[in-house]
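Only one structure is covered here, and it is reproduced in the block below.
Residue numbers (this note's numbering), protein chains in the order written: chain E, 629 to 904; chain W, 14 to 287; chain R, 1189 to 1512.
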């Protein structure tokens, strides 16, 4: 209801020549966030699975921290803090980006297209909806893992880096999901793509230090941009706040975010060209 | 008029007698159908091959340094992670049965089966039979990667036999659990719940680490998880010789799991067919 | 031989509930051998539930039902041997070919391979799918699927054939083809057919006898001609301007009982039929009513339905099927 209202209001703004992009984006992202949280099956996995894996792996692999070459003075749970955030954001952003596919399937997308809504607002509204959840996830995970030994040594600036990285990553993955959705129009196709993202994550330093991986697998992991991003963010957790490392984490996630947005924009453009 | 009709019906030469269908031919025919369904959806076939491949490579690759932990049962990470990946692939295969079942129920095709005089046991059993058949694939893939990647197999052929046995156990249990839930919910969306159940059981066991080397809460859970013993049975020939004391707890776990979930699935099945 | 003496379908006080809802609410049915029995009712009336109980897919909550003399509850296996069923929406696996489905159906009924092959060939020919048989069912049209469904239902030469809304969603051409096939089956093989439908025409065209079901209860039963006759007089429909509707109703009351109708139209059962038309026109004219449209119809099954339930079936079915 209120979304429709705000859409109409913004439509009037068009006539009065006020740039409505921000207003529209805000209205659409409010709708996106509300719709997302109203469907627990979309956001619960993004919270439960990463925590479950952290609980199991930290207990199972705790002795790994004794292996020479593992970051000194670091528990395996501390090592995992960043991976939990990255995993959670991947789950959540795929689900929220995929909502665009659902919009396409049930015709809401076309309704927006036929309304005087600025077209980038349709896309940005969707993706911006994922930011709130990503930031929430990052804070929640840090808050839950801290008392169990997942201390973030970088303190508040360190946590801030993790939150911003989560938001950038949500943009990247959400853009990828939305773009794939715009391309295929099938939510299942987007879901089916998720394992590929997971493979990328696995072939990085997310679960183990790359220095301890051998052979070609280690080489791939060391040259995986996700590794650079994760290592930069992890530095804030296991050592302390550091500007260079933070720049690494945010720089890479920022570039990924831009790539995601670019992909989503081209795919959505293609679809509404087809629609027109 | 009516009499005439009755006579016609009874004397018609080519009339099909109402034979009692033979259970095995039904199981066989339904298995063949499942196989055709599988290969006719390439999207479903690819994960079946990729999954065990990826898990073997990824676990062995990412966690290769685990063998450096003092007391780790093997110094060949492929020998440890390969069987784990095979059992995961087997579990996925089992889940596939419940997805296919959900599709049949939702699409109404299952009604066609239930409307026939075929024995209910053969209709339900065909699902499990197909799973056992299909489980051979992830096991074979893991063994193939192992052969290429230099996996140790001290027990030789017996190791492979034990792995297949364990994989069958896991697949059958996962399939029966999945079928039970799917009969109960009667929708494809049952798959989510089914999956969560299976993977929790897998992860709360000795997939990555033997119980003695775990710390914290997990060893207390893993010790009582039947999956731990099935995994031990399946893996033993890759990290040492096959021994009875590593075998019987797994056999008991499989027997109990299969019995328990078969009763569960059968109970739920009876809700679908009076 | 003894089975020849029993009724193909007998149901007594049959009830099936889903939680609180009584989907089938105490129905009695007797279907005679060689009959095409039509079960007519709107969507959600309980037709499909009744079929599912009779075909052993659902247990009755209470009451009894026998098909070919076998109890649907205690002798379900026997029932399944002698029935053929084509369910709503022709639930056919799209990833199988027509041929594979027939072979599977034969196995499910334990029909020996050689006989099965011969029957499959005959059936495919009969429903006109011989050429399409090696193709995946997913590529079939709606009409082809229904015909294949029919062939599958006939694989075991059933004594009783159940057709649950066999033509819903079909184009008129395919619908007529299917009707013709059902008639032929009944005529040439004496197959007893139990047919559910929401289409008046279908019931009228095919059934020797129909039962009208509404809210789980049978509200009328008999052969179509007798049922139509029982409604009595033909229906006179007069369209008038809205503001004249009240006077029109008053005037027409003198000629017969009012019947359910839409706004802007007055319907009555015209006593005495066409002979009284002149009188009607005169009376309306004298009352100063402007007639926009006028028609006289002999009773239809829809009138029977309206008489029994106070509602029309025709509009309801059309609303479901805009294509029709």
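Even glycine gets a Cβ: it sits at the ideal position worked out from N, Cα and C.
Through-space distance from residue 1397/R to residue 1492/R, alpha-carbon basis: 14 Å
Under the three-state DSSP convention, the category residue 1455/R falls into: strand
Chain W within 8 Å of residue 1190/R, Cβ atoms only: For residue 1190/R, the predicted model reports a pLDDT of 48, less than 50, meaning its position is unreliable and no value from the coordinates is stated.
Beta-carbon neighbours of residue 1243/R, restricted to chain W and to distances below 8 Å: 128
Proximity test, Cβ basis, 8 Å: residue 20/W and chain E: Because residue 20/W sits at a pLDDT of 38, beneath the cut-off of 50, its placement in the model cannot be relied upon, and the point is left open.
Bridge partners - residue 1250/R, DSSP secondary structure assignment: 1203/R
Cβ shell of residue 1456/R (< 7 Å), same chain only, five flanking positions each side left out: 1424, 1440, 1443, 1444, 1445, 1446 and 1447
Near the ligand COA: residue 1298/R beta-carbon under 7 Å from a heavy atom: Among the ligands in the structure shown, none appear at all, so the ligand COA cannot be discussed.
Range covered by the beta strand (DSSP E) that runs through residue 1560/R: Residue 1560/R cannot be examined here, being either before or after the span of chain R that is shown, 1189 to 1512.
Chain W within 8 Å of residue 1290/R, Cβ atoms only: no
Residue 151/W, buried or exposed, once every other Cβ within 10 Å from all chains shown has been counted against 16: buried
Buried or exposed by the 16-neighbour rule on C-beta atoms within 10 Å, applied to residue 1206/R: exposed
N-terminal and C-terminal residue of the beta strand (DSSP E) that residue 1485/R is part of: 1481-1485
Closer than 8 Å to chain E by CB, residue 76/W: yes
Residue 1227/R - partner residues in DSSP beta bridges: 1384/R and 1399/R
C-beta neighbour in chain W for residue 841/E, strict 8 Å: yes
Residue 1427/R - partner residues in DSSP beta bridges: 1453/R and 1481/R
Residue interval of the beta strand (DSSP E) (run including residue 1409/R): 1405-1410
Minimum C-alpha distance to residue 880/E - residue among 709/E, 766/E and 860/E: 860/E
Identity of the residues DSSP links to residue 1350/R by a beta bridge: 1273/R and 1382/R
Within 8 Å of chain W by C-beta, residues of the region 801-822 of chain E in sequence order: 820
Run of the beta strand (DSSP E) containing residue 1210/R, from where it starts to where it stops: 1209-1219
Nearest-angstrom Cβ-Cβ length linking residue 139/W and residue 58/W, presumed shorter than 8 Å: Contact doesn't hold; Cβ gap of about 20 Å is too wide.
Residue 120/W at chain R interface by Cβ criterion, 8 Å: yes
Neighbour list for residue 666/E in chain W, Cβ cutoff strictly below 7 Å: Chain W residues near residue 666/E: none, gap ~17 Å exceeds 7 Å.
Check whether residue 1234/R and residue 1199/R have beta carbons under 8 Å apart: no
Within the region 34-97 of chain W, ranges of the alpha helix (DSSP H) (whole runs, at least 4 residues): 36-53 and 55-75
Chain R residues whose Cβ lies nearer than 7 Å to that of residue 34/W: 1295, 1296, 1297 and 1298
Cβ contact (3+ pairs, closer than 8 Å) linking the region 90-102 of chain W and the region 886-902 of chain E: no
Within 8 Å, strictly: CB atoms of residue 1314/R and residue 1366/R: no
Residue-level contact to chain W via CB, residue 1284/R, 8 Å cutoff: yes
Neighbouring residues, chain E, relative to residue 231/W (Cβ below 7 Å): 684, 687 and 688
Where residue 1280/R meets chain W, residues with beta-carbon distance less than 9 Å: 120, 121, 122 and 125
Residue range of the unbroken alpha helix (DSSP H) whose run includes residue 279/W: 257-285
Cβ-based burial, residue 672/E [other Cβ within 10 Å; buried from 16]: exposed
Residue 737/E classed as buried or exposed, judged by whether at least 16 other C-beta atoms fall within 10 angstroms: buried
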